[in-house]
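Its first residue numbered 2, the sequence shown is counted upward by one per residue in the working numbering.
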Amino acid sequence: MISYNLTRSNRKTTGIYIKNGTVEVRAPLHIPKPDIDRFVASKERWILDKLNISKKRTESKEAFAVNYNDKLLYRGVPYPLKPSDGITAGFSPNNGGFFYMQKGLEPPQIKDICIQIYRRLAKAHLADRVAHFSKKMKSTPASIKINGAKTRWGSCSSKKSLNFSWRLIMADDDVIDYVVVHELAHTFQMNHSAKFWAIVASLLPDYSLRQARLKELQYKLSHEDW
């Protein structure tokens, strides 16, 4: 019998969730424990497959490191990370483009500095794209902030404050623009109704293709420890 953690609530159906190598079963209050056990047993093959995927993802994250000469994604393009004689760090568009930082750093330090660079790049580029599409959409967001969210690329508050994950700057330009338009559309419709998607489609008719590419990046990053 597969070991699992059980959570009961007023939900109507029983569901199985795999997270960080742990099996969680969420079940209605009235379902007897033996029935839950039988349901879990019937899903054994599926659970084992998901646990194996989760294990590989965890191992990949634990092995993840950033070193000099690695390629780092910026706006969908991989650029090398070069050691520099100076003490500054950043991204240069010269000579085909490259990231740079001082020599002699350990992988954890390199990764932390890369994140700082990414945050600066994201703040500048996303502010520019929000300004561009705000004008087209006649939207007036209250503010634009860059955060460290891992599971949400962007969000829009009821006060029309926009938030974007710095990781979005790794996506290509078409995908970044999709997330920007998506969040600006929420300044008019705080839902995902037909009206909301009509707003998105009016600017980006191919938004579903951009969504698919965003999911590809999400999958890639799920195996990396950024």
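Backbone N, C-alpha and C define an ideal beta-carbon position, used for all residues, glycine too. Predicted, not measured: the structure shown is a model, and the values here were computed from it.
On the DSSP bridge assignment, give the partners of residue i in chain order.
i	result
residue 84	102
residue 6	25
residue 19	24
residue 156	164
residue 79	74
What are the boundary residues of the alpha helix (DSSP H) that includes residue i?
i	result
residue 118	108 to 138
residue 34	34 to 43
residue 196	195 to 204
residue 209	208 to 222
residue 177	174 to 186
Excluding sequence positions up to five away, which residues of its chain have a Cβ less than 6 Å from the Cβ of residue i?
i	result
residue 150	166
residue 9	28 and 30
residue 84	69 and 104
residue 154	166, 169 and 180
residue 134	181, 182 and 185
residue 163	142, 145, 157 and 184
residue 171	74
residue 64	none
residue 226	62 and 65
residue 197	186 and 190
Is the CB-CB distance between residue i and residue j below 8 Å?
i	j	result
residue 169	residue 177	yes
residue 7	residue 37	yes
residue 19	residue 51	yes
residue 145	residue 131	yes
residue 138	residue 210	no
residue 122	residue 75	yes
residue 91	residue 118	yes
What span of residues does the beta strand (DSSP E) with residue i cover, start to end?
i	result
residue 75	72 to 75
residue 163	162 to 166
residue 146	144 to 148
residue 91	91 to 93
For residue i, tell me which candidate among the options has the shortest Cα-Cα distance.
i	options	result
residue 34	15, 49 and 46	15
residue 181	208, 21 and 152	208
residue 24	11, 44, 108 and 172	44
residue 173	5, 218 and 118	218
residue 142	152, 129 and 157	157
residue 160	136, 175, 189 and 152	189
residue 87	117, 106, 17 and 124	106
residue 95	108, 80 and 109	80
residue 222	125, 152, 32 and 108	152
residue 78	175, 216 and 46	175
residue 56	21, 195, 5 and 97	21
Skipping 5 residues on each side, what residues in its chain have a beta carbon closer than 8 Å to that of residue i?
i	result
residue 82	67, 68, 69, 70, 71, 72, 73, 99, 100, 101, 102, 111 and 115
Under 7 Å Cβ to Cβ from residue i, same chain only, skipping five residues before and after it: list those, please.
i	result
residue 224	58, 61 and 62
residue 201	182, 183, 186 and 208
residue 40	15
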